[in-house]
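*Asks:* Heads up: the sequence shown at position 11 corresponds to 11 in the UniProt record's numbering, and the numbers run straight through without jumps.
Here it is: the structure, laid out below.
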Amino acid sequence: MLPSPTPERHVLNLKLPTTLGKDTVTLQCSALRYPVSNRGLTLLFTHGITGHKEEYHPVITRLLRLRDSANYDIRELWSIDFPNHGETATLNRAILEERKARGVQEGFDGTCTPADYAAYLSAFLSSPPLRGHSVVGIAHSGSCTAWVHALTKLANPTIAHKHPHALVLLEPTLMFPSLSPTDPRSIHGAANVRGALAKRDRWSSRADVKRWLVGSGKGVWAKWDKRALDLFVEYAFEDVTSPASEGTYTTPTLRKDEESPLYTCLAHTIDPPQLASVCTLLNEDGKRGVHVIWAEVEEFISKTAKAEILDAAEHRISTQRTIKGAGHLVPQEKPDELADGLHDVLGVIGKNLRAAL
């Protein structure tokens, strides 16, 4: 159980307006809801690749502590897993495995694609719990692509949700068709595609997982906040009983054959007009724009990449902030500092909404 503030746990059935593999399907979505008040902004957090909905709990905890000094109101906060991540992956396991098997037999990619993530996100935004809310999307890394696709490629009159009130992109890994193979995003992406397939994915227990992650103290996880590491071990892994009588082992909820293709450049590629369109849509009818939060340490997104993203947005990004000392995995490395940055951004987003209430 998560420490206070303890969220409500919900499971929603989402019928995708597009397909997973080749068939329209209903997927389950495990979500955390933090009710706060009866008015204000509703924040929706989405994670990056290998993430999980609980990773935002330290961020949300501090954000709620900052309410006394806030010039905005929060109605509620939500954090969701993507369909093959975290607890949600265990709920969808039978469908995920069946689609992969069919893909092998029939010659299509049966793993979840960015298009599936976008459809899933759009379905969640259209679900009854969010209707009539002023939603602020807060997307990290790869989930930024899902938001852009959901608000452009899937935007049509048959979708129940209106566009969010605002969108915060945290270290967006947005790429464009002209991306050079020498760009750090291309190089890191290709390395991650190979690395995901080659990495270890079985341990004897969660304690064994944590020992392996911490290791010599020099790996990526050594920079994580202790709370983030503990939550990752608890919620990004599951215990599985082998059908081959090999006993029980612990493995990531995101299987590595599903993780690997998510690192390809194509998985993060959008057309520049899509981002410009999102900026236009969220600067109309009283909406509060698109905001970007960067990490200070340029591990993945270089100055050139940032310039390309800002150019694609036609320089209509409402605000930009940088989290000092953070690398690309900001929620895991600097959750308190991220909350402080979000507090500032929400002050810009929510000021006019509070005045109207």
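Cβ coordinates follow ideal geometry from the N, Cα and C atoms, glycine included.
Computed from a prediction, not measured in an experiment: that's the story for all the values here.
#1: Helix, strand or coil for Ala267 per DSSP?
#2: Rounded to a whole number of angstroms, what is the C-alpha to C-alpha distance between Val168 and Leu282?
#3: According to DSSP, simplified to helix, strand and coil, what is Pro83?
#4: Quickly, what does DSSP pair Ala31 with across the bridge? List them, please.
#5: With respect to the beta strand (DSSP E) encompassing Gly137, which residues constitute its N-terminal and C-terminal limits?
#6: By the three-class DSSP mapping on this structure, what secondary structure does Leu170 have?
#7: Are there 16 or more other CB atoms within 10 angstroms of the CB of Met175, so buried, or fewer, so exposed?
#8: Take the Cβ of Leu32 as the centre, count every other Cβ of all protein chains shown within 10 Å, and call the residue buried at 16 or more, exposed below.
#9: Measuring straight from C-alpha to C-alpha, what distance separates Val220 and Pro335?
#10: How big is the Cα-Cα spacing for Asp230 and Arg131?
#11: Closer than 8 angstroms is the cut-off here; do at least three beta carbon pairs connect the region 121-140 with the region 2-18?
#12: With burial defined as no fewer than 16 other Cβ atoms inside 10 Å of the residue's Cβ, what is the status of Asn38: buried or exposed?
#13: Secondary structure at Lys15, three-state DSSP: helix, strand or coil?
#14: Can you tell me which of the three DSSP states Tyr249 falls into?
#15: Going straight from the alpha carbon of Pro114 to that of Val240, what length do you get?
#16: Between Gly347 and Tyr72, what straight-line distance do the alpha-carbon atoms span, to the nearest angstrom?
#17: Can you name, in chain order, every residue of its own chain whose Cβ lies under 6 angstroms from the Cβ of Glu106, other than the five neighbours on each side?
#18: Is Glu333 buried or exposed, if buried means 16 or more other CB atoms sit within 10 Å of its CB?
#19: Whose C-beta lies closer than 8 angstroms to the C-beta of Asp311 among residues of the same chain, with five residues either side of it excluded?
#20: Relative to the alpha-carbon of Ala198, which residue among Leu96, Glu259, Lys226, Ala326 has its alpha-carbon at the smallest distance?
#21: Compare the C-alpha of Leu91 against each of Glu8, Leu254, Leu66 and name the closest.
#22: For Ala295, does the three-state DSSP call read helix, strand or coil?
#23: Could you tell me which whole beta strand (DSSP E) segments of length 3 or greater appear in the region 149-237?
#24: List the endpoints of the continuous alpha helix (DSSP H) containing Phe300.
#25: Residue range of the beta strand (DSSP E) that Phe45 falls in?
#26: Which partner residues of Arg321 appear in the DSSP bridge assignment?
#27: So the alpha helix (DSSP H) Pro114 belongs to, where does it begin and stop?
#28: Can you give me the C-alpha to C-alpha distance between Lys210 and Arg67, rounded to a whole angstrom?
#29: Could you spell out the range, first to last residue, of the alpha helix (DSSP H) harbouring Leu254?
#30: Just mark Thr248 as buried or exposed, buried being the case when its beta carbon has 16 or more other beta carbons within 10 Å.
*Replies:* On the basis of the supplied data:
#1: The count along the sequence shown starts at 1 and reaches residue 267 at position 267. Here Ala267 sits in helix by DSSP.
#2: On the sequence shown, position 168 is the one that residue 168 refers to. On the sequence shown, position 282 is the one that residue 282 refers to. Computed Cα separation, rounded: 11 angstroms.
#3: Counted from its first residue, the sequence shown places residue 83 at position 83. DSSP places Pro83 in the coil class of the three-state scheme, outside both helix and strand.
#4: On the sequence shown, position 31 is the one that residue 31 refers to. For Ala31, DSSP records a beta bridge to His10, Ile80.
#5: Start at 1 with the first residue of the sequence shown, and residue 137 comes out as number 137. If you look at Gly137, you'll find it in the beta strand (DSSP E) that goes 134-140.
#6: Numbered from its first residue, the sequence shown carries residue 170 at position 170. Of the three classes helix, strand and coil, the one that applies to Leu170 here is strand, per DSSP.
#7: One-based indexing of the sequence shown puts residue 175 at position 175. In the assembly as shown, Met175 is a buried residue. Its beta-carbon has 16 or more other beta-carbons within 10 Å.
#8: For the purposes of this step, residue 32 is taken as the residue at position 32 of the sequence shown. Under the 10 Å beta carbon count, Leu32 is surrounded by 16 or more other beta carbons and is classified as buried.
#9: On the sequence shown, residue 220 is found 220 positions in, with the first residue counted as 1. On the sequence shown, residue 335 is found 335 positions in, with the first residue counted as 1. Approximately 16 angstroms, taken between the alpha carbons.
#10: Position 230 of the sequence shown, counting from 1, holds the residue named residue 230. Position 131 of the sequence shown, counting from 1, holds the residue named residue 131. Rounded to the nearest angstrom, the gap between the Cα atoms of Asp230 and Arg131 is 34 angstroms.
#11: In this structure the region 121-140 lies against the region 2-18, because at least three pairs of beta carbons, one per stretch, are closer than 8 angstroms.
#12: Here residue 38 refers to the residue found at position 38 when the sequence shown is read from its first residue. It is exposed - the Cβ of Asn38 has fewer than 16 other Cβ atoms within 10 Å.
#13: To locate residue 15, count along the sequence shown from 1; it is residue 15. Residue state for Lys15 is assigned as strand, using DSSP reduced to three classes.
#14: Residue 249 sits at position 249 when you count from the first residue of the sequence shown. Looking at Tyr249 - three-state DSSP - the assignment turns out to be strand.
#15: Your numbering for residue 114 matches position 114 in the sequence shown. Your numbering for residue 240 matches position 240 in the sequence shown. Rounded to the nearest whole angstrom, the CA to CA distance from Pro114 to Val240 is 27 angstroms.
#16: Translated into positions along the sequence shown, residue 347 becomes position 347. Translated into positions along the sequence shown, residue 72 becomes position 72. One C-alpha to the other measures close to 6 angstroms.
#17: Locating residue 106 in the sequence shown gives position 106, where the first residue counts as 1. Counting only Cβ-Cβ distances below 6 angstroms, and skipping sequence neighbours, we find nothing.
#18: Reading the sequence shown from its first residue, position 333 is the one you call residue 333. With 16 or more Cβ atoms within 10 Å of its Cβ, Glu333 is classed as buried.
#19: Here residue 311 corresponds to residue number 311 of the sequence shown, with the count starting at 1. So the qualifying residues of the chain are Pro272.
#20: Here residue 198 corresponds to residue number 198 of the sequence shown, with the count starting at 1. Ranked by how close their Cα comes to the Cα of Ala198, the residues Leu96, Glu259, Lys226, Ala326 have Glu259 in first place.
#21: The residue given as residue 91 occupies position 91 in the sequence shown. With distances taken between CA atoms, Leu91 lies nearest to Leu254 out of Glu8, Leu254, Leu66.
#22: Within the sequence shown, numbered from 1, the residue matching residue 295 stands at position 295. Ala295: strand per DSSP, three-state reduction.
#23: Within the region 149-237, the complete beta strand (DSSP E) runs of at least 3 residues are 166-170.
#24: As a first step, residue 300 must be located in the sequence shown, where it is residue number 300. No alpha helix (DSSP H) holds Phe300; DSSP gives it neither H nor E.
#25: As a position in the sequence shown, residue 45 is number 45, starting the count at 1. Where Phe45 is concerned, the enclosing beta strand (DSSP E) stretches over 41-46.
#26: Locating residue 321 in the sequence shown gives position 321, where the first residue counts as 1. Within the DSSP secondary-structure output, Arg321 pairs in a beta bridge with Ile293.
#27: Your numbering for residue 114 matches position 114 in the sequence shown. Here the alpha helix (DSSP H) through Pro114 covers 114-125.
#28: Within the sequence shown, the letter at position 210 stands for residue 210. Within the sequence shown, the letter at position 67 stands for residue 67. Pairing Lys210 with Arg67, the inter-Cα distance amounts to about 34 angstroms.
#29: Here residue 254 refers to the residue found at position 254 when the sequence shown is read from its first residue. Unbroken run through Leu254: none, as it is neither H nor E.
#30: Within the sequence shown, numbered from 1, the residue matching residue 248 stands at position 248. By the beta-carbon neighbour count (other beta carbons within 10 angstroms, threshold 16), Thr248 is exposed.
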